[in-house]
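Throughout, our numbering is defined as the position within the sequence shown, counted from one, plus 60. For reference, the structure is listed below as structure tokens.
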Amino acid sequence: MLKACMVGVMAVLLVSCSSQPGPRPHVESGMAAPSRVDLGQIPGWSSDDLDFFQRGSMSGEFIPEKTFRALVRANPDLFPNGMASFGFVTDPGEDLPVGMSRREVPHLGDQVSIGLNCAACHVGEVKFDNHPPMRVMGMTSSFDPEAFYNATVIAMLRASQPAGMKKYLGEYVREYDHRTDLSGIAKEHLNLFHNIGVALHLPAEPPKNLPPPSGPGRNTAFGLLSAVLFNEPTPYAPTKFSPVWNADQRTWVHWDGNTSSPINRNILASLGLGAPLEGRHAIMDFSLVDRQTQLSEAIRPPRYPLPVNEASASRGASIYAQYCAKCHDVPAGYEDKRLHSVTEVGTDPARVKLFTAKQAALYNDFFAKLQLDGYTPSAEPTVRSTGKYVASDLAGVWARSPYLHNGSMRTMRDLLTPPAERPKTFRRGDTEYDTANMGYKNKGSYVFDTSTPGNFNSGHDYGTSLSQGQKKDLIEFLKTK
Ligand code: HEC
Ligand code: HEC
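Laid out in structure tokens, this is it:
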């Protein structure tokens with residue numbers, strides 16, 4: 061049944077085993093969501109678009125919903141918070157979290173199946189003291205995709221054993237299948253797990269020497285893709301899900317500015333998360349990926365929702381002009397002037413080292429030969445290796461925490477602290493906001509250890525010798541960006 065190569069899911073294991081005004085009047089309540097959405101972020105979207113971006117498909121459904129729900133119920137230790145485990149944003153009354161889609165997929169026997177969409181990683185929530193949560197479109201979420209896929213695969217492996225199957229079927233049969241031939245049903249499901257396992261390239265033995273878990277808000281996207289598309293393992297290099305706003309004003313995206321085609325990057329995202337590939341043929345619905353792409357290109361930066369001290373911010377503006385603007389405010393048309401070598405900026409090198417010229421050539425070849433109804437390959441190569449990191453535009457920078465490409469800096473205050481004095485570890489996973497230091501509070505179940513390769517919080521020491529008062533002013537100014 062599942063002859064296709066369902067890339068990505070296994071790769072995760074392989075690689076790491078209206079009426080509610082906010083504090084400012086422009087913040088309105090969400091159309092489809094009870095937590096507030098700043099509609100100024102999505103001026104061109106209809107309420108159907110908002111719903112589609114949060115719950116619609118990107119063609120990545122990978123497991124029948126009934127199977128998934130029965131696995132969740134049979135394994136409360138793996139899914140302690142049910143479907144909403146792993147940091148998903150949720151809405152009361154909705155039976156799927158934001159970031160999960162459902163669709164009947166042909167390669168899963170037309171069963172209603174579920175998977176992730178862009179919003180799993182690119183819609184976040186922020187909690188300010190005494191305010192309802194604010195939902196931010198395009199923001200790095202606190203979702204942990206590695207943990208999500210690992211739990212799902214482990215639950216499937218458990219259900220492939222007799223005791224686990226009994227428990228799983230107990231849940232499945234009670235809810236969804238009232239036939240009495242239990243051993244027949246068990247056989248069907250073993251077959252389904254087997255087929256999914258083959259399709260996911262599950263190894264006979266779990267891999268040894270797993271790298272540390274990437275935690276919420278990060279994954280090694282290009283590492284996973286390289287392993288499954290090209291069978292080329294790469295070093296561990298977890299990256300923060302990039303904030304996605306003003307994407308239409310960029311030519312080259314990603315932390316190293318390696319990709320110029322939005323549709324190509326999103327086809328890769330679908331392939332990496334569960335859309336199958338049979339030879340050169342991508343098994344996905346192009347129109348869904350295309351719609352997600354168009355919506356994602358139209359998201360604007362979120363505005364800081366609390367009052368800002370204007371006198372302090374205007375002092376901060378001149379500090380910014382002196383210390384930061386030359387790299388972060390680059391005029392349109394000179395985008396490549398945003399690129400800086402690791403030698404210059406001094407941050408963790410793993411991500412730029414991963415994406416070599418060979419990698420770029422592999423992707424360009426892949427796209428040139430990709431078969432997908434509705435897709436036209438670009439005439440020019442759309443992927444390149446730069447060996448450098450992008451100094452992003454800092455619009456909405458208050459909502460880009462934790463900072464740097466690997467998310468190794470919890471707050472702006474930490475980024476403005478000399479490297480040797482920066483915190484060695486911090487907690488990640490909670491969404492409460494630290495207004496004084498600019499970033500998430502030091503809370504959450506994941507401990508981010510900056511001492512391991514890929515996770516270093518070195519470098520970018522710009523502005524670190526400013527006085528405490530100057531740093532405060534700079535942070536106040538940055539809230540206005
Ligand atoms: C599992 C999490 C995940 C999902 C789902 C996901 N992305 Fe991403 N996205 C990432 C990561 C990680 C990066 C950074 C990759 C890098 O540079 O190494 C990224 C980068 C991006 C960027 C580049 C932004 C910039 O400024 O450089 C865009 C645009 C983007 N994603 C859009 C999308 C869209 C649209 C979808 C849905 C079709 C999507 N993403 C689905 C994790 C995800
Ligand atoms: C010499 C160029 C340069 C200067 C000067 C500079 N930056 Fe950066 N900045 C970069 C580069 C390159 C990166 C990406 C590094 C990485 O992610 O590893 C970056 C990343 C950042 C990020 C992280 C963005 C994100 O999405 O995580 C923030 C925030 C930032 N800089 C703020 C500042 C501030 C504030 C100043 C002034 C005090 C400043 N930068 C000065 C080059 C510069």
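Just so you know, even glycine gets a beta-carbon here, dropped at the ideal spot from N, CA and C. Source: prediction; values computed, not measured.
- Just so you know, the alpha carbons of Thr280 and Ser202 end up roughly 15 Å apart.
- Cβ-Cβ distances below 8 Å link Ala211 to Asn135, Leu138, Phe139, Ser145, Phe146 in the same chain, with the five nearest sequence neighbours on each side left out; the list follows chain order.
- Per DSSP, Tyr506 is one residue of the beta strand (DSSP E) stretching across 506-509.
- Residue state for Phe486 is assigned as strand, using DSSP reduced to three classes.
- Contact holds between the stretch 467-476 and the stretch 489-498, because three or more Cβ pairs, one in each stretch, are under 8 Å apart.
- Distance from the CA of Leu176 to the CA of Glu121, rounded to the nearest whole angstrom, comes to 7 Å.
- In the DSSP assignment, Leu348 falls within the alpha helix (DSSP H) that extends over 346-357.
- Between Ile102 and Met197 the beta-carbon gap is near 6 Å, inside 8 Å, which marks them as a contact.
- Glu185 carries a strand assignment under DSSP once its states are collapsed to helix, strand and coil.
- When rounded, the separation of the alpha-carbon atoms in Ala307 and Thr407 is 24 Å.
- Looking at the DSSP output, Asp170 bridges to nothing.
- DSSP places Lys503 in the coil class of the three-state scheme, outside both helix and strand.
- Gly175 has Ser161 as its beta-bridge partners, per DSSP.
- For Lys539, the shortest separation between its Cβ and any heavy atom of ligand 2 does not lie below 7 Å.
- Looking only at Ser330, Phe508, Leu270, the smallest Cα-Cα distance to Val349 is reached by Ser330.
- DSSP places Met199 in the coil class of the three-state scheme, outside both helix and strand.
- The three-state reading of DSSP puts Ser302 in coil, since its state is none of H, G, I, E or B.
- In the three-state reduction of the DSSP assignment, His465 falls in the coil class.
- Short of 8 Å from the beta carbon of Leu464, and not among the five residues preceding or following it, lie these beta carbons of its own chain, in chain order: Lys300, Thr407, Asp408, Leu475, Asn517, His520.
- Shown here for Phe486: same chain residues with a beta carbon closer than 7 Å to its own, the five before and five after excluded, namely Arg470, Asn502, Phe508 in chain order.
- Secondary structure of Leu366 (DSSP, three-state): coil.
- Each of Pro276, Arg278, Pro293, Gly277 was checked against the Cα of Leu284, and the nearest Cα belongs to Pro293.
- Its Cα nearest to that of Lys187, the residue Tyr500 stands out among Tyr500, Asn324, Glu536, Leu131.
- Asp494 carries a strand assignment under DSSP once its states are collapsed to helix, strand and coil.
- Exposed is the label assigned to Gly153, since fewer than 16 other Cβ atoms lie within 10 Å of its Cβ.
- Taking each of Pro483, Thr477, Glu536 in turn and checking the Cα distance to Gly523, the smallest one comes out for Thr477.
- Set against 7 Å, the gap from the CB of Ala207 to the closest heavy atom of ligand 2 is not smaller.
- Beta-bridge partners assigned by DSSP to Thr319: Val313, Val443.
- Cα atoms of His388 and Ala455: separation of roughly 10 Å, rounded to the nearest angstrom.
- Residue side-chain check: Gln171 keeps its Cβ at 7 Å or more from all non-hydrogen atoms of ligand 1.
- In this structure, Ser438 and Ser321 form a Cβ contact; the two beta carbons are roughly 6 Å apart against a cut-off of 8 Å.
- Around the beta carbon of Ala179, 16 or more other beta carbons lie within 10 angstroms, which makes this residue buried.
- Around Ala130, the same chain offers Tyr228, Glu231, Tyr232 as residues with beta carbons nearer than 6 Å, after the five sequence neighbours per side are excluded.
- Uninterrupted beta strand (DSSP E) stretches at least 3 residues long and entirely within the stretch 395-423 occur at 399-401, given in chain order.
- For Arg375, the closest of Arg363, Ser274, Asp533 by C-alpha to C-alpha distance is Asp533.
- Counting the other Cβ atoms within 10 Å of the Cβ of Arg482 gives 16 or more, which makes it buried.
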